[in-house]
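Mapping of the sequence shown onto my numbering: residues 34 to 99, in sequence order.
Heads up, the beta-carbon is just placed ideally off N, CA and C, and yes, glycines get one too.
Read through the structure below, which is laid out as structure tokens, and then see the notes.
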Amino acid sequence: MKKRKCPQCDIYSFYILNNKGESLLVYVDENYNIISRNPEESLYGYNLDTVYCLGCSWKGSPKSLR
């Protein structure tokens, strides 16, 4: 699986948030699908429109990743 990278710092690790402010570590694949780092954790209830980089302050749409 090819992973998309942060356009600012070039790493593959991101997180997403739910409405409670809880975070979930994720990757974004070559088809812009958001995939949990832990396959046992569900994406249900999380905002999939914005991903946050773990390496820098970048945040944005999964479609804007490289």
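Point to revise | Contacts around Y61, its chain only, beta-carbon distance under 7 Å, and the 5 residues preceding and following it disregarded | key: One detail in the question is off: residue 61 reads as Val in this sequence, not Tyr. The answer, listed in chain order, is K36, R37, F47, I67, V84, P95 and L98.
Exercise for review: Mind checking who K92 pairs with in its DSSP beta bridge?
Suggested key: Partner(s): Y85.
Review point. Rounded to whole angstroms, how far is the Cβ of S69 from the Cβ of L57, which I believe are closer than 8 Å?
Key: That belief holds up - the Cβ atoms of S69 and L57 are roughly 6 Å apart, short of 8 Å.
Review point. According to DSSP, what are the bridge partners of D43?
Key: Its beta-bridge partners do not exist; DSSP assigns none.
Point to revise | Whole-angstrom distance between K92 and V59, CA atom to CA atom | key: Rounded to the nearest angstrom, the gap between the Cα atoms of V59 and K92 is 13 Å.
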